[in-house]
Amino acid sequence: MPTRHRDVLGAALTITKHPHGCLMVFPRSAWEQFRDRIASLPMQAQWWKRIFLGNAMDVEMDASGRVLVSPELRAAAGISKDVVLLGMGSYFELWDAQVYAAQEAEAMKGEMPDVFKDFSF
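In the UniProt record's numbering, the protein residues as written are 1 to 121.
Quick look at the structure:
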């Protein structure tokens, strides 16, 4: 973990699958809130509950700021070597660097979604 994020994250983290092909990395307190929201969803969301909750793994950051991501989660996100860590508010996304670059390039080719029409930068 980059030094600038360690204080925010704390040592106890939870990592799970994200439906867009990356991993979600939560500080434990944020995970508990997310977990409770997912668990309260109706039965129509049962498969999504399984994806988010059933694949969640608690991990600890070591003294050097390293986190061991399980082989199952690395494979699910296609993480091979280099990664990109993106802050997304209450959690981080962990992407394979090549996958992220390709998806970002594809997104930049298109137009911004309509929700940004009245958004001021």
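Built from N, CA and C at the ideal position, the CB exists for glycine as well.
Margin query: Looking at T14: is its Cβ nearer than 7 Å to the Cβ of F52?
Written below: No; because the gap between Cβ atoms is not below 7 Å, this pair is not in contact.
Item checked: Selection from K81, G65, N55, S120 that minimises the alpha carbon distance to L73 -> Looking at the Cα atoms, N55 is the closest of the given residues.
Next item on the list: Buried or exposed for A30, please, with buried defined as at least 16 other CB atoms from any protein chain shown within 10 angstroms of its CB.
Entry: With 16 or more Cβ atoms within 10 Å of its Cβ, A30 is classed as buried.
Check: Are the segment 20-27 and the segment 91-111 touching, with three or more C-beta to C-beta distances below 8 Å?
Finding: Yes, the segment 20-27 touches the segment 91-111.
Note to self: Taking only three categories from DSSP, how would you classify M1?
What the structure shows: Residue state, collapsed to three classes: coil.
Note to self: Are the CB atoms of D62 and I79 within a distance shorter than 7 Å?
What the structure shows: Their beta carbons are not under 7 Å apart, which means I79 does not touch D62 by this criterion.
Notebook entry, point to check: For G21, which of helix, strand or coil comes out of DSSP?
Noted result: Here G21 sits in coil by DSSP.
Next item on the list: Can you have a look at L41 and say buried or exposed, based on whether 16 or more other CB atoms are within 10 angstroms of its CB?
Entry: By the neighbour-count rule (16 or more Cβ atoms within 10 Å), L41 is not buried but exposed.
Checklist line | Where the alpha helix (DSSP H) through V99 begins and ends | finding: Element bounds for V99: 97-109.
Next item on the list: Going by CA-CA distance only, name the one from S64, P113, D114 that's closest to T3.
Entry: Looking at S64, P113, D114, the one whose alpha-carbon comes closest to that of T3 is S64.
Next item on the list: List the residues that DSSP assigns as beta-bridge partners of L94.
Entry: Under the DSSP definition of a beta bridge, L94 partners with L23, L85.
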